[in-house]
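Single-structure report; data block below.
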Amino acid sequence: MWSYPVLVGNQTSQSNEPGINVGQAEELLELAGGPGNFKRAQWEDPTLLEARNNVQVMDGIMTQAGKILPYPHFEVASKLLYRVEKRGTDFIKQLLVPQNFRNTVLSLAHNHVLGGHLGVDKTKERVLRRFYWPGVLAAIKNFCTSCPKCQLTAPTPGFRGPLVPLPILDIPFERIAMDLVGPLVKSARGHQYILVVLDYATRYPEAMPLRNSSAKSIAKELVLMFSRVGIPKEILTDQGTPFMSRVMRELCKLMGIKQLRTSVYHPQTDGLVERFNKTLKSMLRKVIDRDGRNWDLLLPYLMFSIREVPQASTGFSPFELLYGRHPRGLLDVVKETWEQETTPYRSVIE
């Protein structure tokens with residue numbers, strides 16, 4: 001299994017900083033189960049027999065002309081077996097996965113740092129957008145609930161006060177919520193805090209490591225973020241000292257940003273970022289090294305894992321809402337590897 005972070009080409013990781021080299025195609029094939037095996041396994045796997053016997057489309061041609069094509073249905077394209085389902089106006093083409101390859105899918109979807117050890121529902125979304133097999137829902141649930149790291153770091157249920165909703169916005173990064181997480185174990189690079197920013201329209205998260213919690217450090221990171229996503233009209237924070245500082249007031253005044261405050265007695269107004277903080281801290285506990293000093297290196301990868309999957313409140317992934325497309329993740333790379341695999345095997349349908 002790959003380690004992380006990602007390194008490209010001839011880059012090498014620094015000492016004590018684990019890395020992966022994605023320049024070697026052999027590594028990807030090894031991760032995906034080895035070259036020349038997937039198509040053969042698909043057509044020999046007994047658990048996929050029912051799907052093979054109920055193919056309704058062969059390379060774009062219906063096997064029974066004149067019939068209305070139901071959804072979901074099974075089809076063959078380029079000698080590969082798929083399940084096609086309809087979600088609203090979208091057609092999802094799921095590659096059927098034989099038994100020997102399923103653990104690869106589940107491990108990448110949940111265990112890998114780009115999977116983020118997210119819960120059952122989000123792991124289902126990630127897998128079912130690309131893959132399918134009989135019993136896939138039960139397999140995902142069992143894999144996630146039996147994950148040793150998730151069991152060790154499962155959050156304790158607590159009381160959640162009623163949230164005071166703010167007006168819904170449609171423009172990305174017009175209103176953001178902001179909070180500080182920390183102090184944490186000092187990383188090898190001297191970081192102790194995380195500046196968390198969450199966009200209200202898209203739920204797109206940002207998490208930036210800080211060496212200290214000063215208003216100056218926060219303002220510097222905010223300006224850098226504004227250069228990527230634009231300047232918001234409103235920032236919602238609690239009444240912590242850095243957010244109430246003169247530096248923050250001057251920054252917001254200079255950039256025409258309205259500062260919104262959560263009440264000391266009603267912090268639930270900012271429940272969105274509070275819930276995100278709990279999720280982020282839980283994810284970090286599952287992926288950090290034993291000494292806990294590499295957490296700042298993992299933040300970008302955990303952010304991707306959150307941005308990639310649909311949110312219950314919007315029905316879309318934060319990435320999709322912000323950029324208008326689905327992100328290409330590790331599961332897509334593996335799926336493409338299996339689809340492009342060359343093999344002399346001829347399918348039983350022929």
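Heads up, the sequence shown is in UniProt numbering, so the first residue is 1 and it goes up one at a time. Note that the Cβ used here is the ideal one computed from N, Cα and C, for glycine as well. Remember, it's a predicted structure, so these values are computed and weren't measured experimentally.
For this session: Note the first and the last residue of the continuous beta strand (DSSP E) segment covering residue 80.
Result: Reading the sequence shown from its first residue, position 80 is the one you call residue 80. 80 to 87 is the extent of the beta strand (DSSP E) around residue 80.
Problem set entry | Assumed close pair residue 99, residue 47 - CB separation to whole angstroms, cut-off 8 Å | As a working mapping, residue 99 is identified with position 99 in the sequence shown. As a working mapping, residue 47 is identified with position 47 in the sequence shown. For a cut-off of 8 Å, the C-beta gap from residue 99 to residue 47 is around 6 Å, short enough to register as a contact.
Exercise. Which residues mark the beginning and the end of the beta strand (DSSP E) in which residue 181 is found?
Worked result: Position 181 of the sequence shown holds residue 181. Run containing residue 181: 175 to 181, per the beta strand (DSSP E) assignment.
Exercise. Three-state secondary structure (DSSP) at residue 63?
Worked result: Residue numbering aside, residue 63 sits at position 63 when the sequence shown is read from its first letter. Here residue 63 sits in coil by DSSP.
Problem set entry | Cβ-based neighbour list, residue 353, same chain, cut-off 6 Å, excluding 5 preceding and 5 following | The displayed coordinates of the chain run from 1 to 350. Any statement about residue 353 would go beyond what the structure contains.
Exercise. Are the beta-carbon atoms belonging to residue 231 and residue 255 less than 7 Å from one another?
Worked result: The residue labelled residue 231 in the question sits at position 231 within the sequence shown. The residue labelled residue 255 in the question sits at position 255 within the sequence shown. Contact check for residue 231 against residue 255 passes: the beta carbons are separated by less than 7 Å.
Problem set entry | Check: residue 294 C-beta below 6 Å from any heavy atom of the ligand MN | Inclusion of the ligand MN in the displayed structure is not the case, the ligand content being empty and no account of it being possible.
Exercise. If you draw a straight line from the alpha carbon of residue 97 to that of residue 131, how long is it in whole angstroms?
Worked result: If you number the sequence shown from 1, residue 97 lands on position 97. If you number the sequence shown from 1, residue 131 lands on position 131. Rounded to whole angstroms, residue 97 to residue 131 spans 7 Å at the Cα level.
Exercise. Would residue 202 be called buried (16 or more neighbouring beta carbons within 10 Å of its own) or exposed?
Worked result: As a first step, residue 202 is located in the sequence shown; it is residue number 202 there, counting from the start. Counting the other Cβ atoms within 10 Å of the Cβ of residue 202 gives 16 or more, which makes it buried.
For this session: Please classify residue 202: does DSSP put it in a helix, a strand, or coil?
Result: The sequence position of residue 202 within the sequence shown is 202, counting from 1. Looking at residue 202 - three-state DSSP - the assignment turns out to be coil, as it is neither helix nor strand.
Exercise. Are there 16 or more other CB atoms within 10 angstroms of the CB of residue 90, so buried, or fewer, so exposed?
Worked result: As a first step, residue 90 is located in the sequence shown; it is residue number 90 there, counting from the start. Burial call: exposed.
Problem set entry | Presumed contact (8 Å Cβ cut-off) between residue 353 and residue 192, rounded CB distance | Summary: the structure shown does not reach residue 353, with the chain confined to residues 1 through 350, and so no result is reported for it.
Exercise. How would you write the range of the beta strand (DSSP E) that residue 92 sits in, first residue to last?
Worked result: Residue 92 sits at position 92 when you count from the first residue of the sequence shown. 90 to 96 is the span of the beta strand (DSSP E), which, as asked, contains residue 92.
Problem set entry | For residue 257, three-class secondary structure by DSSP | In the sequence shown, counting from the first residue as 1, residue 257 sits at position 257. Here DSSP, grouped into helix, strand and coil, assigns residue 257 to coil.
Exercise. What separation, rounded to the nearest whole angstrom, lies between the Cα atoms of residue 277 and residue 101?
Worked result: Taking the sequence shown and counting its residues from 1, one reaches residue 277 at position 277. Taking the sequence shown and counting its residues from 1, one reaches residue 101 at position 101. As the crow flies, the alpha-carbon of residue 277 is around 34 Å from that of residue 101.
Exercise. With C-beta atoms as the reference, is residue 321 less than 7 Å away from residue 177?
Worked result: Here residue 321 is taken as the residue at index 321 of the sequence shown, counted from 1. Here residue 177 is taken as the residue at index 177 of the sequence shown, counted from 1. No, the Cβ-Cβ distance between residue 321 and residue 177 is not below 7 Å.
Problem set entry | Where residue 191 sits in the DSSP three-state scheme | Numbered from 1 along the sequence shown, position 191 holds the residue referred to as residue 191. Under the three-state reduction of DSSP output, residue 191 falls in the coil class, being neither helix nor strand.
Exercise. Shortest alpha-carbon distance to residue 259 belongs to which of 242, 275, 274?
Worked result: Working through the sequence shown from its first residue, we reach residue 259 at position 259. For the set 242, 275, 274, the Cα lying nearest the Cα of residue 259 is the one of 242.
Exercise. What's the C-alpha gap between residue 300 and residue 174?
Worked result: Residue numbering aside, residue 300 sits at position 300 when the sequence shown is read from its first letter. Residue numbering aside, residue 174 sits at position 174 when the sequence shown is read from its first letter. Their Cα atoms are separated by approximately 23 Å.
For this session: May I ask you to report which of helix, strand or coil DSSP gives residue 25?
Result: Indexing the sequence shown from 1 puts residue 25 at position 25. In this predicted model, residue 25 has a pLDDT of only 41, less than 50, meaning its place in the structure is not dependable; the value taken from the coordinates is given anyway. Helix at residue 25.
Problem set entry | Buried or exposed by the 16-neighbour rule on C-beta atoms within 10 Å, applied to residue 66 | For the purposes of this step, residue 66 is identified with residue 66 of the sequence shown, where counting begins at 1. That one is exposed.
Exercise. Can the beta-carbon of residue 351 be found closer than 7 Å to that of residue 219?
Worked result: Residue 351 lies beyond the stretch modelled for the chain, which goes from 1 to 350, so this question has no answer here.
Problem set entry | Pick from 190, 239, 238, 236 that is closest to residue 297, judged by C-alpha positions | In the sequence shown, counting from the first residue as 1, residue 297 sits at position 297. The candidate whose alpha carbon is nearest that of residue 297 is 190.
For this session: Report the residue from 275, 325, 283, 310 whose alpha carbon sits nearest the alpha carbon of residue 112.
Result: Numbered from its first residue, the sequence shown carries residue 112 at position 112. The residue with the shortest Cα to Cα distance from residue 112 is 283.
Exercise. Per DSSP, which one or two residues make a beta bridge with residue 283?
Worked result: The residue given as residue 283 occupies position 283 in the sequence shown. Residue pairing by DSSP places residue 283 in no beta bridge whatsoever.
For this session: Would you mind giving the Cβ-Cβ distance between residue 105 and residue 331, rounded to the nearest angstrom? I have them listed as a contact below 8 Å.
Result: On the sequence shown, position 105 is the one that residue 105 refers to. On the sequence shown, position 331 is the one that residue 331 refers to. About 7 Å; that satisfies the 8 Å criterion.
Exercise. How long is the line joining the alpha carbons of residue 138 and residue 333, rounded to whole angstroms?
Worked result: If you number the sequence shown from 1, residue 138 lands on position 138. If you number the sequence shown from 1, residue 333 lands on position 333. Computed Cα separation, rounded: 24 Å.
Problem set entry | Under 7 Å between C-beta atoms of residue 353 and residue 327 | Here the chain covers residues 1 to 350 and nothing more, so residue 353 does not appear.
Problem set entry | Among 214, 252, 38, the one whose alpha carbon lies nearest that of residue 234 | Sequence index remark: in the sequence shown, residue 234 carries index 234 (1-based). The residue from 214, 252, 38 with its alpha-carbon nearest to that of residue 234 is 252.
Exercise. How about residue 306 and residue 205: are their beta carbons less than 7 Å apart?
Worked result: Along the sequence shown, one-based indexing puts residue 306 at 306. Along the sequence shown, one-based indexing puts residue 205 at 205. Yes, these two residues count as a Cβ contact at 7 Å.
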